């Protein structure tokens, strides 16, 4: 186990270097924006990685609460399968907004259900809580990167640092705020109840996300704002470089998560050892 | 045993009666709200045209801070007299307790809003250019949105250090869609420039989603050990 | 162009700072474990 990590670290470093080369040098220059657009190769993959990590946190939180007792567990399993099936079926029945392919919706539904069961298979209930912390913390780091690179991209291209109605950046900010509050709850609550309380908060956060999106979207229709990040189709060569960067960042995120996971497990074992020692009393530590 | 509505009603009546007798929370909230209104009136010069556009934001920020003061003391009385432990072992449904607390807070904050609104109208010379009746669903739905999540997070914050600061830290990010809806809805009605209907619909949706979530998860939070 | 370099630098600064805090926490844990073993 211990030998795998350095090998993966070297591979990830190589992949990241290749991705940077592709992003800075090999990719074609944008006609409208010039070279500044290359920020996209860090901004967008970080956003996708952050969202993935937050999804992992959400799934882990739900699972932690569900696995509290066998009945809730079985019910949660059935609900997850039902939602997965419903999402797949709905792609055929419900008309989707423009630009969203039915295949991507169906894939997302199946992927999330698969993620739920994969996590269930690989992690015990206690480990699932650790996974939730790790997902939230590393997610916040990547989200910070998104929020820093976003304005740095917006300023030279659109002339403003921030537009309150920009739906993507503002939703990301709210997501960041929600997860920072999650991490504060974890830090400030007493250890017996942290996991349950934090899991409840994570669920609330997840429920909030679509509402945040719609409220900002409607705000924008009433107060027209410059659209940062632009829509429209993307050059296939640029898409290729974008995906390479995403892969590199995913590997990097996986390594960070793995390290953070081991750190958290070690910390909890230490706390347990301290507690046992305190129970045993000062004189009996022979 | 007692019906859930019986328990909720009894708890609510008890809370309201206790508060009416001592008027602790109500007095502090009232004075705090007055201070906020006065400070804001010094910070933002209320010229008639501008004031309609920003008044929505100012009013709701003031109500938000006043609501936090009210919410922070939600469970304080229960904690002092170990009533929460009694609730945990009693056969009464935890949801009744939650509903009673949330409704009690709703009453307090609504009384507060009713008393503060004339002050705002006076200080900012407000006059509604749009359909003023729409302000009532905005106020009702918006207040419930703050109060229902606030009561839930107040219960969560009970188990944390720095209890009083934890509540706004948890409440504000989650409430952002509701705050956006309240502020923009109020601005839409006061300026008459836009329709507030979507905002009212969003608030209703928010209320339904989070009331359900609070009712489903409250027992878990109460029993968290 | 400066913004491009600023963005890339900022990204890596954020990651390095985070990894630094992880390393620091790890070292702290290691020293606590050593102390516990000695007792």
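Residue numbers (the working numbering), protein chains in the order written: chain A, 1 to 286; chain U, 1001 to 1225; chain D, 2001 to 2039.
Even glycine gets a Cβ: it sits at the ideal position worked out from N, Cα and C.
All of these numbers come straight from a predicted model, not from anything done at the bench.
Leaving out five residues on either side along the sequence, give the residues of the same chain with a beta carbon under 6 Å from the beta carbon of residue 92 of chain A.
-> The residue you call residue 92 of chain A lines up with position 92 of the first chain. Result list for residue 92 of chain A: empty, nothing under 6 Å.
Which residues, taken in chain order from the stretch 175-188 of chain A, show a beta carbon closer than 7 Å to some beta carbon of chain U?
-> 177, 178, 181, 184, 185 and 188
Using a Cβ-Cβ cut-off of 7 Å, state whether residue 1159 of chain U counts as contacting chain A.
-> The residue given as residue 1159 of chain U occupies position 159 in the second chain. Judged by the 7 Å Cβ criterion, residue 1159 of chain U is in contact with chain A.
In this structure, what does DSSP give as the bridge partners for residue 144 of chain A?
-> As a first step, residue 144 of chain A is located in the first chain; it is residue number 144 there, counting from the start. In the DSSP output, where bridge partners are listed per residue, residue 144 of chain A has none listed.
How many Å lie between residue 1125 of chain U and residue 1057 of chain U at the Cα?
-> Numbered from its first residue, the second chain carries residue 1125 of chain U at position 125. Numbered from its first residue, the second chain carries residue 1057 of chain U at position 57. Roughly 15 Å between the two C-alpha positions.
Using a Cβ-Cβ cut-off of less than 7 Å, list which residues of the stretch 1157-1181 of chain U approach chain A; keep chain order.
-> 1159, 1160, 1161, 1162, 1166, 1169, 1170, 1173, 1174, 1176, 1177, 1180 and 1181
So is residue 38 of chain A buried or exposed if we call it buried at 16+ other beta carbons inside 10 Å?
-> Against the first chain, residue 38 of chain A aligns to sequence position 38. Answer is buried; the Cβ neighbour count reaches 16.
So is residue 84 of chain A buried or exposed if we call it buried at 16+ other beta carbons inside 10 Å?
-> One-based indexing of the first chain puts residue 84 of chain A at position 84. Residue 84 of chain A should be labelled buried.
Whole angstroms is fine: what's the gap from residue 1154 of chain U's alpha carbon to residue 62 of chain A's?
-> Indexing the second chain from 1 puts residue 1154 of chain U at position 154. Indexing the first chain from 1 puts residue 62 of chain A at position 62. Residue 1154 of chain U and residue 62 of chain A: Cα-Cα distance of roughly 21 Å.
Pick helix, strand or coil for residue 1001 of chain U, following the three-state DSSP scheme.
-> By 1-based counting over the second chain, the position of residue 1001 of chain U is 1. In this prediction, residue 1001 of chain U scores a pLDDT of 45, lower than 50, which makes its location untrustworthy; the coordinate-derived value is nonetheless stated afterwards. Correct three-state label for residue 1001 of chain U: coil.
Pair within 7 Å by beta-carbon distance, residue 171 of chain A and residue 1173 of chain U = As a working mapping, residue 171 of chain A is identified with position 171 in the first chain. As a working mapping, residue 1173 of chain U is identified with position 173 in the second chain. It is not a contact, given that the beta carbons lie outside the stated cut-off.
Under a Cβ-count criterion, where at least 16 other Cβ atoms within 10 Å of its own Cβ denotes burial, should residue 1075 of chain U be classed as buried or exposed?
-> By one-based count along the second chain, residue 1075 of chain U stands at place 75. So residue 1075 of chain U ends up on the buried side.
In chain D, what lies closer than 8 Å to residue 260 of chain A by C-beta?
-> What you label residue 260 of chain A is simply residue 260 of the first chain in a count that begins at 1. Correct list: 2022.
Three or more C-beta pairs closer than 8 Å, one from the stretch 1178-1186 of chain U and one from the stretch 1154-1164 of chain U: is that the case here?
-> no
Do the stretch 1204-1215 of chain U and the stretch 1183-1195 of chain U meet, that is, are 3 or more Cβ pairs less than 8 Å apart?
-> no
Starting from residue 1101 of chain U, follow the alpha helix (DSSP H) in both directions and report where the run begins and ends.
-> For the purposes of this step, residue 1101 of chain U is taken as the residue at position 101 of the second chain. Segment 1094-1124, the alpha helix (DSSP H) holding residue 1101 of chain U.
Excluding the 5 residues preceding and the 5 following residue 1033 of chain U in the sequence, name in chain order all residues of the same chain whose CB lies nearer than 7 Å to its CB.
-> Within the second chain, the letter at position 33 stands for residue 1033 of chain U. So the list reads 1062, 1066, 1112 and 1116, once near-sequence residues are dropped.
Within-7 Å CB hit, residue 156 of chain A to chain D = Within the first chain, residue 156 of chain A is the residue found at index 156, counting from 1. By this cut-off, residue 156 of chain A is an interface position.
Amino acids of chain A, ordered along the chain, whose beta-carbon sits closer than 7 Å to that of residue 1198 of chain U = In the second chain, residue 1198 of chain U corresponds to position 198, counting from 1. The contacting residues are 218.
Exposed unless 16 or more other CB atoms sit within 10 angstroms - verdict on residue 14 of chain A = Here the question's residue 14 of chain A lines up with position 14 in the first chain. Flag for residue 14 of chain A reads exposed.
Taking only beta-carbon atoms, is residue 168 of chain A less than 7 Å away from chain D?
-> Translated into positions along the first chain, residue 168 of chain A becomes position 168. It does not; no Cβ of chain D falls within 7 Å.
Hey, how far is the Cα of residue 1007 of chain U from the Cα of residue 185 of chain A?
-> For this step, residue 1007 of chain U is matched to residue 7 along the second chain. For this step, residue 185 of chain A is matched to residue 185 along the first chain. Rounded to the nearest angstrom, the two C-alpha atoms are 31 Å apart.
Measure the Cβ-Cβ separation of residue 12 of chain A and residue 257 of chain A and say whether it is below 7 Å.
-> On the first chain, position 12 is the one that residue 12 of chain A refers to. On the first chain, position 257 is the one that residue 257 of chain A refers to. No, they are not a contact pair.
Taking Cβ positions, are residue 156 of chain A and residue 241 of chain A nearer each other than 7 Å?
-> As a first step, residue 156 of chain A is located in the first chain; it is residue number 156 there, counting from the start. As a first step, residue 241 of chain A is located in the first chain; it is residue number 241 there, counting from the start. Cβ distance not < 7 Å, so residue 156 of chain A and residue 241 of chain A don't count as in contact.
Pairing CB atoms from the stretch 190-208 of chain A with CB atoms from the stretch 148-165 of chain A, are three or more of them under 8 Å?
-> no
When you compare each of A:101, A:3, A:50 and A:153 to residue 2004 of chain D by their alpha carbons, which one comes out closest?
-> Position 4 of the third chain, counted from the first residue, corresponds to residue 2004 of chain D. That would be A:153, whose Cα lies nearest to the Cα of residue 2004 of chain D.
Note down, in chain order, every chain A residue with its Cβ under 7 Å from the Cβ of residue 1044 of chain U.
-> Translated into the one-based positions of the second chain, residue 1044 of chain U becomes position 44. By Cβ distance, chain A contributes nothing, its closest Cβ being about 18 Å from residue 1044 of chain U, past 7 Å.
CB residue 27 of chain A to CB residue 238 of chain A, shorter than 7 Å?
-> For the purposes of this step, residue 27 of chain A is taken as residue 27 along the first chain, with counting starting at 1. For the purposes of this step, residue 238 of chain A is taken as residue 238 along the first chain, with counting starting at 1. The answer is yes: Cβ separation under 7 Å.
Burial state of residue 1134 of chain U (16 or more Cβ within 10 Å) = Numbered from 1 along the second chain, position 134 holds the residue referred to as residue 1134 of chain U. The residue in question, residue 1134 of chain U, is buried, as its Cβ has 16 or more Cβ neighbours within 10 Å.
Residue from U:1164, U:1168 and U:1151 whose Cα sits closest to the Cα of residue 1103 of chain U = In the second chain, the residue the question calls residue 1103 of chain U occupies position 103. With distances taken between Cα atoms, residue 1103 of chain U lies closest to U:1151.
Residue 2015 of chain D: first and last residue of the uninterrupted alpha helix (DSSP H) it sits in | Walking along the third chain from the start, residue 2015 of chain D turns up at place 15. Looking at the DSSP string, the run of the alpha helix (DSSP H) that includes residue 2015 of chain D is 2002-2038.
Going along the chain, which residues of the stretch 20-43 of chain A sit with their C-beta nearer than 7 Å to a C-beta in chain D?
-> 35, 36, 38, 39 and 42
Kindly give me the distance between the Cβ atoms of residue 1190 of chain U and residue 1052 of chain U, rounded to whole angstroms, as I take these residues to be in contact under 8 Å.
-> Sequence index remark: in the second chain, residue 1190 of chain U carries index 190 (1-based). Sequence index remark: in the second chain, residue 1052 of chain U carries index 52 (1-based). About 5 Å; that satisfies the 8 Å criterion.
Among residues of its own chain, excluding the 5 on either side of residue 1001 of chain U, which ones have a beta-carbon nearer than 8 Å to its beta-carbon?
-> As a working mapping, residue 1001 of chain U is identified with position 1 in the second chain. Caution applies to residue 1001 of chain U, whose pLDDT of 45 falls short of 50 and renders its modelled position unreliable; the value that the coordinates give is listed next. So the qualifying residues of the chain are 1091 and 1092.
Output the boundary residues of the alpha helix (DSSP H) element that contains residue 1206 of chain U.
-> Position 206 of the second chain, counted from the start, is the residue given in the question as residue 1206 of chain U. Counting along the chain, the alpha helix (DSSP H) containing residue 1206 of chain U begins and ends at 1197-1223.
In angstroms, rounded to a whole number, what distance separates the CA positions of residue 2020 of chain D and residue 1177 of chain U?
-> For this step, residue 2020 of chain D is matched to residue 20 along the third chain. For this step, residue 1177 of chain U is matched to residue 177 along the second chain. Each residue's alpha carbon lies about 35 Å from the other.
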